[in-house]
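Novice: The numbering of the sequence shown is the working numbering, which starts it at 1342 and goes up by one. Glycine is no exception: its CB is placed at the ideal position from the N, C-alpha and C atoms. One structure coming up, written as structure tokens, with questions to follow.
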Amino acid sequence: MIARGATLVTGATGFAGSHLLDLLAGTSDLIGWYRPGGTPPPAVDGVRWQAVDMLDAASVRTAIESSAPARVYHCAGAANVGRAWNAATATLAVNVRGTHHLIEGLRELAPKARLLIPSSGLVYAPSDRPLSENDPLRPTSPYGLSKLAQEMLGMKSTAPEICIARPFNHFGPRQDPGFVASSFARSIAMIEAGLSEPEMQVGNLAPLRDLTDVRDTVRAYQMIMERAPAGRPYNVCSGRVVAVSALLDRLRTRARVPIAVVTDPSRYRPNDSPVLQGDPTRIHDELHWAPAVPLEQTLDDLLEYWRAHVRST
């Protein structure tokens, strides 16, 4: 049983964190951490905001001491796989050292808390078949390595209790345009508004990806937090793959103007896996989670988000 107390979301102004706050709205004593100097937190009813530098152990400790959380969703960190290749030091610092500071602070000041660590499907060795939680762990990118290190830090902890989610690709409204589907949607919105030429520069469109709406992903996080045995990892995925080219085609059919596509090899990622597909059997069978938001709805919502964003800027 989880002790009574505050619910804390780190990285609460970020992509998954902000959607998690939406899901948890109405929870008593809900706290959101955000990076000092980063995106100013929005006014959200019932959320207590704290500016916390995850790389400053003293700052983390002070914030934990002031709130004594019972549930902690650790959504803070570097999330962009492509950028991590050119910023490996920063990625490892915020994802690994920041997680270490959080675990140590909870161990000292809120040892009965339960901590959810969102890892990644990129901790697995590459494969052309669906990956289960029992498959070998052998990340091939700095980002994947940082997520596996987070898991390893958690596995060493008995206090706080650690829950582990391994989300595969999730997307939807509010996602940074550094991610492929959001980049496509933003480009379309800019072209429709007459702010860009009617041409999109794209990278490798061949990869197959297992996609889940972010709103389904954070719902899985909540179920793992509330129901999962400590230390048992769960894939968060659909079990189906979609080609990046198909995503682009579906978004272009929604565009209000014709758009040309030009491939730019400089946009290709190093070691970009041709297939990344998860096996959701464990989370389906044990926690009864399944994706509920259709892909077409996610694409509609993502494009409308960027249209509104472009109109407002």
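Since I1503 and S1460 are thought to touch, with beta carbons under 8 Å apart, how far apart are those beta carbons, to the nearest angstrom?
Specialist: In the sequence shown, counting from the first residue as 1, residue 1503 sits at position 162. In the sequence shown, counting from the first residue as 1, residue 1460 sits at position 119. Rounded, the Cβ-Cβ distance is 11 Å, inconsistent with contact.
Novice: Based on the DSSP output, what are the partners of H1441 in its beta bridges?
Specialist: As a working mapping, residue 1441 is identified with position 100 in the sequence shown. Answer by DSSP bridge pairing: none, since H1441 is not bridged.
Novice: Short of 7 Å in beta carbon distance, which residues of its chain neighbour G1485, apart from the five on each side in sequence? Order them along the chain.
Specialist: The count along the sequence shown starts at 1 and reaches residue 1485 at position 144. S1461, L1463, V1464.
Novice: Whether or not the stretch 1529 to 1547 and the stretch 1583 to 1602 are in contact is what I'm after, with contact meaning three or more pairs of Cβ atoms, one per stretch, closer than 8 Å; do they touch?
Specialist: The stretch 1583 to 1602, when compared against the stretch 1529 to 1547, does touch it at the 8 Å Cβ threshold.
Novice: How should P1632 be labelled, buried or exposed, when 16 other C-beta atoms within 10 angstroms of its C-beta is the threshold for buried?
Specialist: Counting from one through the sequence shown, the residue named residue 1632 turns up at place 291. Its Cβ being crowded by 16 or more others within 10 Å, P1632 is buried.
Novice: Identify the continuous alpha helix (DSSP H) that holds D1554 and give its terminal residues.
Specialist: Sequence index remark: in the sequence shown, residue 1554 carries index 213 (1-based). From DSSP, D1554 is part of no alpha helix (DSSP H) but of the beta strand (DSSP E) over 1552 to 1554.
Novice: Would you list the one or two residues that DSSP bridges to V1388?
Specialist: Working through the sequence shown from its first residue, we reach residue 1388 at position 47. According to DSSP, V1388 bridges with L1371.
Novice: State yes or no: is the C-beta of C1416 within less than 8 Å of the C-beta of T1348?
Specialist: Here residue 1416 refers to the residue found at position 75 when the sequence shown is read from its first residue. Here residue 1348 refers to the residue found at position 7 when the sequence shown is read from its first residue. Cβ atoms of C1416 and T1348: not closer than 8 Å.
Novice: Between which residues of its own chain and P1501 is the CB-CB distance below 8 Å, once the five residues before and five after are set aside?
Specialist: For the purposes of this step, residue 1501 is taken as residue 160 along the sequence shown, with counting starting at 1. Counting only Cβ-Cβ distances below 8 Å, and skipping sequence neighbours, we find V1413, I1444, L1447, R1448, A1451, P1452, K1453, A1454, R1455, L1456.
Novice: So A1490 packs on V1437, CB below 8 Å; how close in whole Å?
Specialist: Position 149 of the sequence shown, counting from 1, holds the residue named residue 1490. Position 96 of the sequence shown, counting from 1, holds the residue named residue 1437. Sure, about 5 Å apart at Cβ, within 8 Å.
Novice: If I'm right that L1365 touches L1371 with Cβ under 8 Å, what's the distance once you round it to whole angstroms?
Specialist: Stepping through the sequence shown from its first residue, residue 1365 is reached at position 24. Stepping through the sequence shown from its first residue, residue 1371 is reached at position 30. Going by Cβ atoms, the distance from L1365 to L1371 rounds to 6 Å, so yes, they are a contact pair.
Novice: Name, in chain order, the residues that DSSP records as bridge partners for Y1575.
Specialist: Counting from 1 along the sequence shown, the entry for residue 1575 is found at position 234. The partner list for Y1575 (beta bridge, DSSP) reads A1506.
Novice: Between the alpha carbons of S1487 and L1433, how many angstroms are there, rounded?
Specialist: By one-based count along the sequence shown, residue 1487 stands at place 146. By one-based count along the sequence shown, residue 1433 stands at place 92. Approximately 5 Å, taken between the alpha carbons.
Novice: Reducing DSSP to helix, strand and coil, say where H1289 ends up.
Specialist: Shown here, the chain extends from 1342 to 1654; a query on residue 1289 therefore has no answer.
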